[in-house]
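Enquirer:
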Amino acid sequence: MPRPVDASPQTLVVLAALLDAPDAWHYGYDLSRRLRLRSGTLYPILVRLAERGCLETRWVEAERPGRPPRHTYRLTVAGRALARSRLAATAPVRRPAVEGSGA
Amino acid sequence: MRAFERLLSATARRVLAWSGRHAEPSRRPWVDALGGELELVEGGPARLLWALGGLSIVCSTRRTTLTRIWRSLPGPLRIGVFGIALAVVGVVAIVWSNVIVPSHESDDEYTTWYLVGYLVLFAYFGASGFLAAWTGSSIRDAALTGAITAVISIGIALVTFIVIDNLFLDVVMQQPDKANGFAHSGMTSQRDYVNQGNFALPFVLLTVASIGAGCGLFGGLLAHLLGRRCAAAV
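Line order of the protein sequences matches chains A and B. In this text, residue positions in the first sequence follow this note's numbering: the first is 11, and each later residue adds one. In this text, residue positions in the second sequence follow this note's numbering: the first is 4, and each later residue adds one.
1. Using the Cβ count rule (16 or more neighbours within 10 Å means buried), how would you classify I72 of chain B?
2. How is the alpha helix (DSSP H) around V162 of chain B delimited, first residue to last?
3. Give the interface partners of A36 of chain B over in chain A, defined as CB-CB distance under 7 Å, in chain order.
4. Who are the neighbours of R30 of chain B on chain A, taking C-beta pairs under 8 Å?
5. Output yes if chain B places a C-beta closer than 9 Å to the C-beta of L65 of chain A; else output no.
6. Quick one: what's got a C-beta closer than 7 Å to V44 of chain B's C-beta in the same chain, skipping five residues either side?
7. Tell me the rounded alpha-carbon separation between H36 of chain A and P78 of chain A.
8. Is the CB of I60 of chain B under 9 Å away from at least one CB in chain C?
9. Of all the residues that make up the segment 142-176 of chain B, which are near chain A by a beta-carbon distance shorter than 9 Å?
10. Could one say the Cβ of W33 of chain B lies closer than 9 Å to chain A's Cβ atoms, at least one of them?
11. Taking I155 of chain B and G86 of chain B to be in contact with their CB atoms under 8 Å, please state how far apart those CB atoms are, rounded to whole angstroms.
12. Measuring straight from C-alpha to C-alpha, what distance separates Q193 of chain B and L118 of chain B?
13. Any contact between the segment 18-25 of chain B and the segment 84-98 of chain A? By contact I mean 3 or more CB pairs, one from each, below 8 Å.
14. According to the Cβ coordinates, are A88 of chain B and C218 of chain B closer than 9 Å?
15. Going by the beta-carbon positions, is the gap between T21 of chain A and L59 of chain A smaller than 9 Å?
16. So W116 of chain B is in the alpha helix (DSSP H); what residue range does that whole segment cover?
17. Is V70 of chain A helix, strand or coil when you go by DSSP?
18. Using a C-beta cutoff of 9 Å, does S95 of chain A count as contacting chain B?
19. Are the CB atoms of S59 of chain B and T51 of chain A nearer to each other than 9 Å?
20. Applying the 10 Å Cβ sphere with the 16-neighbour rule, what's the burial state of H187 of chain B?
21. Whole angstroms is fine: what's the gap from V162 of chain B's alpha carbon to V95 of chain B's?
22. By DSSP, does T82 of chain A sit in helix, in strand, or in coil?
23. I need the DSSP call for H36 of chain A, collapsed to helix, strand or coil.
24. Give me whichever residues DSSP pairs with L58 of chain B in a beta bridge.
25. Taking the C-alpha atoms as reference points, what is the distance between T115 of chain B and N198 of chain B?
26. At the level of alpha carbons, what is the spacing between T44 of chain A and A72 of chain A?
27. On a CA-only basis, which of A:L25, A:P19 and A:S18 is nearest Y83 of chain A? Give me that one, please.
28. Considering only C-alpha positions, which residue in the set B:A36, B:G93, B:S12 and B:P32 is nearest to S46 of chain B?
29. Is it right to say A234 of chain B is buried, meaning 16 or more other beta carbons lie within 10 angstroms of its own, or is it exposed?
30. What number of angstroms, rounded off, separates the C-alpha of L124 of chain B from the C-alpha of S109 of chain B?
31. Quick one, which of B:G139, B:D180, B:V166 and B:A153 has its alpha-carbon nearest V207 of chain B's?
32. Just mark I103 of chain B as buried or exposed, buried being the case when its beta carbon has 16 or more other beta carbons within 10 Å.
Right, here's the structure in full:
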């Protein structure tokens with residue numbers, strides 16, 4: 011049976027991490043370090059989730075002046091539903107080691 | 004050491020700038036997002052590695068566009084387009100080199116070029132399989148695309164040779180290889196001589212199909228391997 015869309019192991023790990031702190035805003039670099047995903051893996055997943063309306067994005071000013079603004083992410087309501095269904099369908103899923111959530 | 008770190012950091016910024024210029028407009032903010040995090044990444048090598056994510060975004064964009072165009076083509080055209088494209092080039096080259104500007108040198112003079120030509124052909128069959136798989140086809144279909152590409156292109160080329168040999172027999176028989184071959188064949192008709200191998204065409208095409216399938220399979224496997232990395236298994 012073909013694997014459903016957005017059910018790759020990497021996507022599931024991202025969804026699980028975002029769902030662990032659904033109200034928090036997550037930084038890309040933090041997610042990358044926590045989930046041990048390279049940017050070239052993580053960002054296309056985020057792009058895809060955002061384009062499907064599963065991910066909300068927001069720009070925030072950098073803490074230190076002179077630095078560019080940072081992009082932050084959190085699941086939308088649809089994204090949370092998708093995450094729950096995907097994670098439930100593929101359980102037991104390797105849950106990411108969440109060391110403090112989001113922004 | 005610090006100079007090396009600075010060089011890698013500068014390269015990382017250049018990679019992101021390039022990615023920003025080449026990404027689809029709707030995805031440029033994502034490259035900016037990578038740039039926003041870049042200053043937080045510690046160490047030149049890690050920064051460069053981080054910036055390579057920009058290439059992934061460009062790559063996934065291009066792949067999506069290519070896939071859209073490819074899927075909009077009708078099925079038969081989609082699978083035969085590579086063969087037809089190569090056949091057009093082949094027919095022009097064959098007519099040019101045999102009729103319009105016929106060569107009066109032996110094929111032995113061009114052994115290296117023939118070898119290069121075969122390698123290019125194999126690469127082309129492989130590329131057809133690669134592109135088929137890259138745009139969503141299975142590996143089996145990639146092998147099929149390679150086989151069909153090979154059969155269409157080589158088949159049309161061989162038929163072109165047969166037509167030219169018969170329509171321009173006097174021109175073709177001036178080729179040293181054909182003239183020598185005819186002289187030593189013991190045959191009395193030049194036309195019979197140029198047509199003597201035509202019965203083998205189906206067998207030749209069968210062999211060509213096998214080679215094309217092998218090349219297409221290789222291209223398909225490569226596309227799946229690269230595609231998995233490029234699209235980040237989304």
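For each residue, glycine too, the CB sits at the ideal point set by N, CA and C. Here the structure is a predicted model, which means the values were calculated and not measured.
Expert: Inspection of the coordinates gives the following:
1. exposed
2. I142 to L170
3. G38 and H81
4. V57
5. No, L65 of chain A does not count as interfacial toward chain B.
6. R50 and W53
7. 17 Å
8. Any reference to chain C falls outside this structure, whose protein chains are A and B.
9. none
10. yes
11. So it is a contact: roughly 3 Å between Cβ atoms.
12. 28 Å
13. no
14. no
15. yes
16. Under the DSSP assignment, W116 of chain B falls in the alpha helix (DSSP H) whose first and last residues are T114 to W137.
17. strand
18. no
19. Yes, the Cβ-Cβ distance between S59 of chain B and T51 of chain A is below 9 Å.
20. exposed
21. 13 Å
22. strand
23. strand
24. For L58 of chain B, which the question treats as bridged, DSSP gives no partner whatsoever.
25. 27 Å
26. The residue you asked about is not Thr; residue 44 of chain A is Arg in the sequence shown. If you take the alpha carbons of R44 of chain A and A72 of chain A, they lie about 20 Å apart.
27. A:L25
28. As written in the sequence, residue 46 of chain B is Gly, which differs from the Ser given in the question. Among B:A36, B:G93, B:S12 and B:P32, the Cα nearest to that of G46 of chain B is on B:S12.
29. Because A234 of chain B carries a pLDDT of 48, less than 50, the predicted location of this residue cannot be relied on, and the following value inherits that uncertainty. Looking at its Cβ environment, which holds 16 or more other Cβ atoms inside 10 Å, A234 of chain B is buried.
30. 22 Å
31. B:A153
32. exposed
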